[in-house]
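Engineer: Below you will find the structure I want to go over with you.
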Amino acid sequence: MAAQPTAQPAAPGAAPAPAASPVAPSAVPPAPAVHPFGPRLLTGVTGVFVAAMMSGLNSRIGTLALGDIRAVYGMGIDDGSWVASLYGAFELAAMPFSAWFAITFSFRRYHMAVVAIFTLLGLVTPLAPDAATLLVLRCLQGLFGGLLIPVLMAAALRFFPAPIRLYGLALYAMTATFSPNVATWLSATWTDAVADWRLLFWQTVPMALFSLAAVGWGIPQDPVRLERFRQIDLPGLVTGLAGLVMIGIGLSQGERLDWFNSVLVCWLFGGGAALLAIFLVCEWFHPMPFIKLQLLHRRNLGLGFTVFVGMLVVLLSGSLLPADYLGHAWHFRTPQLAVIGLQVGLPQFILGPAVSWLLYKKWIDARHVFAMGLVLIATACWVGSRITPAWMAAEFALAQALHAFGQPMAVIALLFLATSVVQPMEGPQVSGIVNTLRAFGTMLGSALVGRLLAVREATHANVLLDGAANMRRSAGAVPPDALAGVAGRVSHQAFVLSIADGYLVLGALALALVPLVLSLQYIAPPVLPKQ
């Protein structure tokens with residue numbers, strides 16, 4: 063049973079109450095300075111948002127255009143898989159630590175420095191002379207890209223006043239609902255329409271320039287607090303970075319290397335788990351941790367983040383499953399796949415703020431909005447489970463439309479329920495936890511769904527082949543060319559059935575999360591000035 067927090071969360075829209083029990087000065091950082099919210103500060107936060115979107119697009123595009131990158135460097139499928147794997151692992155490893163360094167170096171200087179380095183790495187990556195250099199540059203770019211996304215949530219919690227904070231959280235939610243879905247279209251634009259693969263990396267330049275200008279002008283300068291380095295959790299930093307990198311590589315390479323039948327995968331998971339355990343112990347007892355694990359005692363954080371990881375797995379039904387099917391069954395390239403992502407991504411500019419507006423209504427319970435979002439996603443999975451070998455992109459339109467509505471309802475409602483029990487000075491630490499779980503949940507989901515599809519495809523193929531063999535015995539001799547045709551149809555049908563199973567499993571998981579969502583603590587809607 064989760065312990066109750068020592069400090070009661072402030073009512074939405076009200077000033078936070080002081081902690082009920084005394085805490086050592088080094089354990090809780092002082093509350094950041096309060097700056098009046100206006101056009102200038104909004105411009106600065108928009109720059110932070112654009113940088114986070116830039117990072118998300120860069121991560122996703124590297125995976126979508128992997129075939130083009132492999133072709134340039136003469137890499138096979140196995141060697142080329144490390145391009146995306148290493149980026150994702152280092153991105154995951156950076157996320158718990160970003161907010162701590164943002165406080166230490168000051169938010170504005172830290173963010174501008176990270177954006178500049180990230181962009182510089184993007185400029186030189188296409189110029190890498192060989193595959194080894196390319197992999198090193200992708201590791202570094204993943205590390206700095208992982209530092210950009212957590213500060214967006216920290217900025218939303220700090221700079222947006224309570225009456226409009228939900229709109230700031232909607233910006234953060236778009237990094238999960240908009241950028242991954244639009245990345246397919248952008249990848250197709252650079253590799254097929256413009257036909258210059260280097261633009262996959264150079265596309266960050268205009269976004270980076272805007273972000274640097276907006277943050278430099280709009281975000282106020284905080285004092286630099288280098289004295290915090292005297293209390294840095296150095297063992298936690300080392301073990302956390304190494305452990306998360308190993309876990310990330312293990313998850314992304316597991317299916318290719320046959321999971322625990324591979325010695326490398328066993329070492330990655332075993333060593334990563336041990337290092338991660340040391341990191342968590344160090345963080346639990348350290349007076350100035352990167353992530354404050356004690357916050358997970360609060361129901362809306364501990365239980366809410368558990369639901370969050372499950373939800374991230376479920377969201378793959380709107381991206382991974384249709385893309386896998388169309389790529390395998392119809393050999394679609396990214397230009398043909400772009401419509402699948404755009405159907406979910408583009409409506410988020412309207413639906414994200416609309417969900418935030420809805421959550422401000424006094425008669426709305428955010429838990430019910432969250433649950434309804436999961437039900438819509440489960441319905442989309444049921445629609446997708448009716449898939450047949452004749453389906454093309456148009457047949458996914460209804461399922462994708464349900465995702466477009468369900469995803470912002472679930473993600474924004476979760477962020478509201480979780481962040482409403484957080485004091486302002488705890489925002490950076492919560493941001494680290496949320497984003498680490500987000501990256502981990504996405505990688506875990508991709509690994510689990512990939513394994514599920516492989517197992518179910520093999521099972522269906524065996525059943526169908528047994529049926530074909532029985533038919534052959536009853537029909538007598540069959541020409542060899544007919545047997546080859548049967549084998550091809552069996553393989554194709556087995557893959558289609560595995561996709562249907564994937565939809566059913568993810569839909570069932572979405573429904574299984576609903577009771578947990580309804581068990582979260584009720585949070586009253588924020589009080590708007592008009593009210």
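Letter 398 of the sequence shown, counting from 1, is numbered 460 in the working numbering, and no numbers are missing. Just so you know, even glycine gets a beta-carbon here, dropped at the ideal spot from N, CA and C. Here the structure is a predicted model, which means the values were calculated and not measured.
Please determine, among P242, Q265, R227, the residue with the shortest C-alpha to C-alpha distance to L421.
Structural biologist: It is R227.
Engineer: For P74, does the count of other Cβ atoms within 10 angstroms reach 16, so buried, or fall short, so exposed?
Structural biologist: Note on P74: pLDDT 40, under 50, position unreliable in the model; the coordinate value appears next. Buried, because 16 or more other Cβ atoms sit within 10 Å of the Cβ of P74.
Engineer: Here's the rule: buried if 16 or more other CB atoms are within 10 angstroms of the residue's CB, otherwise exposed. What is N497?
Structural biologist: Counting Cβ neighbours within 10 Å, N497 comes out buried, since at least 16 surround it.
Engineer: When we look at the beta-carbon of I585 and count the other beta-carbons within 10 Å, is it buried (16 or more) or exposed?
Structural biologist: Result: buried.
Engineer: Below 8 Å between beta carbons: does that hold for L205 and F163?
Structural biologist: Cβ atoms of L205 and F163: not closer than 8 Å.
Engineer: Is the stretch 354-373 close to the stretch 480-490, with three or more CB pairs under 8 Å?
Structural biologist: Counting Cβ pairs under 8 Å, three or more are found: they touch.
Engineer: According to the neighbour-count rule (16 or more other Cβ atoms, all chains shown, within 10 Å of its Cβ), is N243 buried or exposed?
Structural biologist: N243 is buried by the Cβ-count criterion.
Engineer: So the alpha helix (DSSP H) A270 belongs to, where does it begin and stop?
Structural biologist: That run of the alpha helix (DSSP H) goes 266-280.
Engineer: Could you tell me if W392 is buried or exposed, where buried requires 16 or more neighbouring beta carbons within 10 angstroms of its beta carbon?
Structural biologist: Exposed, because fewer than 16 other Cβ atoms sit within 10 Å of the Cβ of W392.
Engineer: Measuring straight from C-alpha to C-alpha, what distance separates A232 and V589?
Structural biologist: Straight-line Cα distance between these residues: approximately 18 Å.
Engineer: Comparing C-alpha positions only, which one of S160, G106, G564 sits nearest to V375?
Structural biologist: Comparing Cα-Cα distances from V375 to each of S160, G106, G564, the minimum goes to G564.
Engineer: Apart from the five residues just before and just after G507, which ones in its own chain have a Cβ nearer than 7 Å to its Cβ?
Structural biologist: The answer, listed in chain order, is L374, V375, L378.
Engineer: Does the distance from the C-beta atom of G118 to that of I179 stay below 8 Å?
Structural biologist: Against a cut-off of 8 Å, the Cβ pair of I179 and G118 comes out as no contact.
Engineer: Between the alpha carbons of I311 and G136, how many angstroms are there, rounded?
Structural biologist: Their backbone Cα atoms lie some 22 Å apart in a straight line.
Engineer: Based on Cα-Cα distance, which residue from W329, P225, L202, T266 lies nearest to T181?
Structural biologist: Closest option to T181, Cα to Cα, is T266.
Engineer: What are the boundary residues of the alpha helix (DSSP H) that includes W392?
Structural biologist: From DSSP, W392 is part of no alpha helix (DSSP H); its letter is neither H nor E.
Engineer: What beta strand (DSSP E) runs, 3 residues minimum, are completely inside the stretch 298-372?
Structural biologist: DSSP runs (the beta strand (DSSP E)) wholly in the stretch 298-372: none.
Engineer: Using three-state DSSP, classify W419 as helix, strand or coil.
Structural biologist: Of the three classes helix, strand and coil, the one that applies to W419 here is helix, per DSSP.
Engineer: I think C201 touches L262, with their Cβ atoms under 8 Å apart; what is that distance to the nearest whole Å?
Structural biologist: Not a contact, Cβ separation roughly 17 Å.
Engineer: So what's L408 in DSSP terms, helix, strand or just coil?
Structural biologist: DSSP places L408 in coil when its eight states are reduced to three.
Engineer: Less than 8 Å between C-beta atoms, sequence neighbours within five positions excluded: which residues of the same chain meet that for G435?
Structural biologist: Closer than 8 Å at the Cβ level, and outside the excluded window around G435, lie F467, G468, Q469, P470, M471, A472, V473, A475.
Engineer: Return the chain-ordered ranges of every alpha helix (DSSP H) run that is complete within the stretch 426-452 and spans a minimum of 4 residues.
Structural biologist: Whole alpha helix (DSSP H) segments, 4+ residues: 428-446.
Engineer: According to the Cβ coordinates, are R260 and P188 closer than 8 Å?
Structural biologist: Yes. Within cutoff.
Engineer: Judging by CA-CA distance, which residue of I309, G414, L274 is the nearest neighbour of G503?
Structural biologist: That would be I309, whose Cα lies nearest to the Cα of G503.
Engineer: Output needed for Q203: all residues of its chain with C-beta closer than 6 Å, excluding positions within five of it in sequence on either side, in chain order.
Structural biologist: L183.
Engineer: Name the residue from F478, G550, V492, H465 whose alpha carbon lies nearest to the alpha carbon of A224.
Structural biologist: The shortest Cα separation from A224 among F478, G550, V492, H465 belongs to F478.
Engineer: On the criterion of 16 or more Cβ atoms from any shown chain inside 10 Å, does P587 qualify as buried, or is it exposed?
Structural biologist: Counting Cβ neighbours within 10 Å, P587 comes out buried, since at least 16 surround it.
Engineer: Give the list of continuous alpha helix (DSSP H) stretches no shorter than 4 residues that lie fully inside the stretch 125-201.
Structural biologist: Those alpha helix (DSSP H) runs which fall completely within the stretch 125-201 and span 4+ residues are 128-135, 139-156, 160-167, 169-186.
Engineer: How would you call A336, buried or exposed, if buried means at least 16 neighbouring beta carbons within 10 angstroms?
Structural biologist: A336 should be labelled exposed.
Engineer: Between the C-alpha atoms of I165 and R292, what's the straight-line distance to the nearest angstrom?
Structural biologist: When rounded, the distance between both Cα atoms is 14 Å.
Engineer: Measure the Cβ-Cβ separation of Q315 and V327 and say whether it is below 8 Å.
Structural biologist: Yes, Cβ-Cβ distance for Q315 and V327 is below 8 Å.
Engineer: Taking the C-alpha atoms as reference points, what is the distance between D427 and V417?
Structural biologist: Roughly 12 Å between the two C-alpha positions.
Engineer: Is DSSP giving A455 helix, strand or coil here?
Structural biologist: Helix, per DSSP.
Engineer: Is the beta carbon of S241 less than 8 Å from the beta carbon of A113?
Structural biologist: Contact flag unset, no.
Engineer: For the alpha helix (DSSP H) that S241 lies in, which residues bound it at each end?
Structural biologist: Per DSSP, S241 belongs to the alpha helix (DSSP H) from 241-250.
Engineer: So is G407 buried or exposed if we call it buried at 16+ other beta carbons inside 10 Å?
Structural biologist: Classification of G407: buried, given that the 10 Å Cβ count is 16 or more.
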